[in-house]
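Worksheet: one structure, shown below.
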Amino acid sequence: MYVDIEIISNNTYTNNIFTYKVPNNVTNKINIGSIVSVPFRNKDYKGIVLSITEKTNILKIKEINKYLGITLNE
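Add 32 to the 1-based position in the sequence shown for my numbering, that's all there is to it.
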């Protein structure tokens with residue numbers, strides 16, 4: 033399973049949406065609106081899940097570090 037994540041930060045990046053692989057041990061916990069920790073440019077950032085898909089064309093893809101146990105409502 034793969035997710036599109038928007039990085040939560042106060043930066044000036046023009047595109048804050050990135051695709052990550054979901055580890056098998058949290059696939060049943062991740063939903064749209066879930067808050068997760070992801071590796072980005074040698075640091076860990078919090079991000080929000082915007083969409084979920086079963087396939088991606090990205091070859092080198094990083095995994096989500098951790099599901100933080102929070103899911104926002106629509």
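Just so you know, even glycine gets a beta-carbon here, dropped at the ideal spot from N, CA and C.
- For I93, there is no enclosing beta strand (DSSP E), as DSSP marks it with neither H nor E.
- By the 16-neighbour rule on beta-carbons within 10 angstroms, I93 is exposed.
- Ranked by Cα distance from K75, the first of I40, V35, M33 is I40.
- For T103, the enclosing beta strand (DSSP E) covers residues 98 to 103.
- Cβ contact annotation for L82 (same chain, cutoff 6 Å, sequence separation greater than five): D36, E38, in chain order.
- The C-beta of I80 has 16 or more other C-beta atoms within 10 Å across all chains shown, which makes the residue buried.
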